[in-house]
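See structure below.
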Amino acid sequence: MLEVRAIDAAYGDVQVLSGLSLQVQEKEIVTLLGSNGAGKTTTLRCITGLLAPRKGEVTFKNQPLSKVAASERAGLGIALVPEGRELWPQLTVRENLELGAYDKRSRARAAQNLDRVHAMFPRLLERRSQVAGSLSGGEQQMCAIGRALMSEPSLLLLDEPSLGLAPIVVEQVFEVIRSLHASGMTILLVEQNLAAALEIATRGYVIETGQVKLSGSASELKADPKIRAAYLGL
930 MLEVRAIDAA YGDVQVLSGL SLQVQEKEIV TLLGSNGAGK TTTLRCITGL LAPRKGEVTF
990 KNQPLSKVAA SERAGLGIAL VPEGRELWPQ LTVRENLELG AYDKRSRARA AQNLDRVHAM
1050 FPRLLERRSQ VAGSLSGGEQ QMCAIGRALM SEPSLLLLDE PSLGLAPIVV EQVFEVIRSL
1110 HASGMTILLV EQNLAAALEI ATRGYVIETG QVKLSGSASE LKADPKIRAA YLGL
């Protein structure tokens, strides 16, 4: 479904990605592992079109994306839940959710998709008229995921969805990820809780200094002594 082919990316003179390649097959959960600054978020930005690679190519369903704008990529079925949620704090929960259905394809079914989000996150229905900036961290993450689902994605990118959340809320978030995967959604997950990420992922890639250093099934990565020592504290 998704292929990242030998991309280089930089911010100004600072090189972040160097020849990075990965693949995500349909209906997989693939996780990106690595320390802070390794290039995980930059990889997601290149996939969504928020940052243009200087070299290489990103393809989605065999379509090259180099000339496809970020807004048009959302219309193709790629949605990002960014690190830190990035909601509009002065807009209501409902208004934030409705912003996720801005393209023509999803706008026609916005009401049905809103009902689907409310069924998944009943708290958002209760808070629909409340401004997003007044929500708890867990509620804001629910809203951010719900906003992404409003665009009817076939590929969902999640950037640190458990960051800053209480353990019980983290469990709820991962249960939602499992439910979305069970429904047939393809997911690319960047997550600081590596043990939890490898528990639900099909495969994973370890990124160091902008390059893929290791890859394999989740079970292989969990058993790898380097991963256990460097990332799982075992």
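Here our numbering is used: the first residue of the sequence shown is 930, the next is one more, and so on.
Each residue gets a CB set at the ideal place from its N, CA and C atoms; glycine is no exception.
Being a predicted model, the structure only gives us computed values, none of them experimental.
With a threshold of 16 other beta carbon atoms within 10 Å, G948 falls short and is exposed.
When secondary structure is reduced to three states using DSSP, Q1019 falls in the coil class, being assigned neither helix nor strand.
Setting aside the 5 residues that flank it on each side, L1053 is surrounded in the same chain by V1022, L1026, V1046, H1047, E1068, M1071, C1072, G1075, each with a C-beta closer than 8 Å to its C-beta; the list follows chain order. Here DSSP, grouped into helix, strand and coil, assigns Q1070 to helix. Restricting attention to beta strand (DSSP E) runs no shorter than 3 residues, the region 974-1044 encloses them at 984-989, 1007-1010, ordered along the chain.
Residue range 1096-1111 is occupied by the alpha helix (DSSP H) that includes S1108. In the structure shown, R1132 falls within a strand segment according to DSSP collapsed to helix, strand and coil. Straight-line measurement puts the Cα of A1037 at about 30 Å from the Cα of E1089. Under the 10 Å beta carbon count, R1056 is surrounded by 16 or more other beta carbons and is classified as buried. Boundaries of the alpha helix (DSSP H) harbouring E1149: 1147-1152, taken from the DSSP string. Secondary structure at S1144: strand, using DSSP grouped into helix, strand and coil.
For the 8 Å CB-CB criterion, E1120 and T960 form a contact.
Distance from the CA atom of T1115 to the CA atom of A998, rounded to whole angstroms, is 21 Å.
The shortest C-alpha to C-alpha distance from A1077 to any of K1155, I1097, M930, S1000 is the one to S1000.
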